[in-house]
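The sequence shown: position 58 = 59 (the numbering used here), numbered continuously.
Where is the CB? At the ideal position from N, CA and C, for every residue including glycine.
Predicted, not measured: the structure shown is a model, and the values here were computed from it.
Heads up, the thing below is written out as structure tokens.
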Amino acid sequence: GHTLVMPKQHFENYLEAPEEFLSDLAKVVKTVAIAVKSALKADGIRILTNVGESAGQVIFHLHVHIVPTWIGEYPEDFKSFIPRKQMSEEYYNLLQKVIKEYIKKIKEN
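Structure representation (structure tokens):
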């Protein structure tokens with residue numbers, strides 16, 4: 002479920018990218034977020050990016066986290082918002098396929 006949108010063009014973080022680029026990135030993030038939410042029948046979605054080590058950035062290449070959420074699953078604080086559940090490779094591949102199908106449907110409409 003937790004998905005990353007990572008552009009090929011390198012920017013260290015969100016603040017380093019030009020506004021025109023971020024506008025295009027936002028469209029991609031929205032499409033992927035809708036697909037993830039639909040495919041997983043999630044109640045909500047968290048969309049975020051970390052800027053700087055103190056904010057939790059460990060990959061110094063711009064990327065956006067898309068994290069599906071369900072009512073009652075996450076604590077109210079923001080420190081532990083990403084689940085640490087491991088999934089099987091089979092389930093991961095199935096999930097990837099379903100999300101890609103939803104992205105294709107969104108692009109067709």
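On the CB-based measure, 16 or more other CB atoms within 10 Å of its CB, does G2 come out buried or exposed? The sequence position of residue 2 within the sequence shown is 1, counting from 1. So G2 counts as buried.
Once the 5 residues before and after D44 are set aside, which same chain residues still bring their CB inside 7 Å of it? By one-based count along the sequence shown, residue 44 stands at place 43. Close CB contacts of D44 within its chain, under the 7 Å cut and outside five residues either way in sequence, are with T70, W71, I72 (chain order).
Going by DSSP, what residue range makes up the alpha helix (DSSP H) through I107? In the sequence shown, the residue the question calls residue 107 occupies position 106. Here the alpha helix (DSSP H) through I107 covers 90 to 109.
Let's see if you can read the secondary structure: which residues bound the alpha helix (DSSP H) around L41? By 1-based counting over the sequence shown, the position of residue 41 is 40. Annotation: the continuous alpha helix (DSSP H) that includes L41 extends over 20 to 41.
Can you tell me whether A56 is buried or exposed? The criterion is at least 16 other CB atoms within 10 Å of its CB, across all chains shown. Locating residue 56 in the sequence shown gives position 55, where the first residue counts as 1. By the 10 Å Cβ count, A56 comes out exposed.
Which of helix, strand or coil does DSSP assign to L63? As a working note, residue 63 is residue 62 in the sequence shown. Looking at L63 - three-state DSSP - the assignment turns out to be coil, as it is neither helix nor strand.
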